[in-house]
Amino acid sequence: MLEEAIKNARERDRRTLLHAMNKGESNSSGKPATEKVNKVGELFPSSSLEDYAKSWGGGGAGYDNGKEDEEDENQEEEDGDEAEEEEEDDNDDDDDDDEEGDGSEEDKK
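In this text, residue positions in the sequence shown follow our numbering: the first is 2, and each later residue adds one.
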């Protein structure tokens with residue numbers, strides 16, 4: 002345990018010294034760490050983000066390719082079918098609970 006504490010102290014001292022040494026250094030390359038160049042043109046070569054989205058087939062927010070409405074309608078129909086099936090399952094379960102002799106508290110009375 003003592004050896005580990007000494008090792009940690011040495012590592013901390015080493016980091017402190019390196020930090021102090023680097024603090025005094027100026028940027029050796031002579032140019033700033035971040036360039037003041039606008040890099041938007043490199044990332045988005047199109048004139049606008051909308052043009053860029055259209056060039057990649059859309060799918061971005063606000064882009065309407067006409068398929069979205071059809072997908073929403075299909076999803077709503079599927080959701081309605083699932084809800085009907087769940088109601089039927091719930092009704093089937095209620096019948097099982099009312100049977101006598103299943104060990105419920107009603108049978109014990």
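For each residue, glycine too, the CB sits at the ideal point set by N, CA and C.
Pairwise C-alpha distance: Lys24 and Asn9: 22 Å
With DSSP as the reference, label Gly58 as helix, strand or coil. coil
So the alpha helix (DSSP H) Met22 belongs to, where does it begin and stop? 3–25
Nearest-angstrom Cα separation, counted from Glu12 out to Ala21: 14 Å
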